[in-house]
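Numbering (full-length UniProt numbering), first residue to last: 1 to 134.
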């Protein structure tokens, strides 16, 4: 699957149930990566289990009302990665992430790989809230 971005394009915080390889073909992409164990800090949406309530943003950029409404965001732990043209990233299944494109047009190519059922069960077991709270 190919994603074309016109610049400053973003995705909401979400996870994929498949292994993922991302190849940056042009421009730059910045990713915030959250292990499955961080799901409860991201306020997963039960009706759409692969998405979180709030898009990722820096804590200090949230209004006081949102800080009061989502206090667990302060406790989240994440990795931040910047991909440039030619960079390849492996993203494990069930890792939460969001993506922001650079100012200039950008493009990434994704490959998703289905997990063996035993590995999928293990990945989901380590992700409280990632399967709708189950």
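Even glycine gets a Cβ: it sits at the ideal position worked out from N, Cα and C.
Among the residues of its own chain, which have a CB less than 6 Å from the CB of residue i, if the five just before and after it don't count?
{"i": "residue 111", "result": "21"}
{"i": "residue 114", "result": "18"}
{"i": "residue 65", "result": "none"}
Under 8 Å from any heavy atom of the ligand ZN, does the C-beta of residue i make it?
{"i": "residue 80", "result": "No copy of the ligand ZN appears in this structure; indeed no ligand is present at all."}
Excluding the five sequence neighbours on either side, which residues of its own chain have a C-beta within less than 8 Å of the C-beta of residue i, listed in chain order?
{"i": "residue 38", "result": "76, 77, 78 and 96"}
{"i": "residue 119", "result": "93"}
Leaving aside the five residues before and after residue i along the sequence, list all residues of the same chain whose C-beta is less than 7 Å from its C-beta, in chain order.
{"i": "residue 4", "result": "107"}
{"i": "residue 2", "result": "107 and 109"}
{"i": "residue 82", "result": "28 and 30"}
Since residue i contacts residue j with CB under 8 Å, what's their CB separation in whole angstroms?
{"i": "residue 7", "j": "residue 104", "result": "6 Å"}
{"i": "residue 28", "j": "residue 80", "result": "Rounded, the Cβ-Cβ distance is 13 Å, inconsistent with contact."}
{"i": "residue 85", "j": "residue 24", "result": "6 Å"}
Taking its Cβ as the centre, do 16 or more other Cβ atoms sit within 10 Å of residue i, making it buried, or is it exposed?
{"i": "residue 34", "result": "buried"}
{"i": "residue 63", "result": "exposed"}
Q | the stretch 75–90 / the stretch 16–33 touching (three or more Cβ pairs under 8 Å) | A | A contact exists between the stretch 75–90 and the stretch 16–33.
Q.
Quick check: the stretch 34–47 against the stretch 71–85, are at least 3 beta-carbon pairs closer than 8 Å?
A. yes
**Q.** Runs of beta strand (DSSP E) wholly within the UniProt domain "JmjC" (1–130) (minimum 3 residues, chain order)
**A.** Restricted to the UniProt domain "JmjC" (1–130), the beta strand (DSSP E) segments that are unbroken, complete and at least 3 residues in length are 2–5, 19–26, 28–34, 79–84, 88–91, 96–101 and 106–113, listed in chain order.
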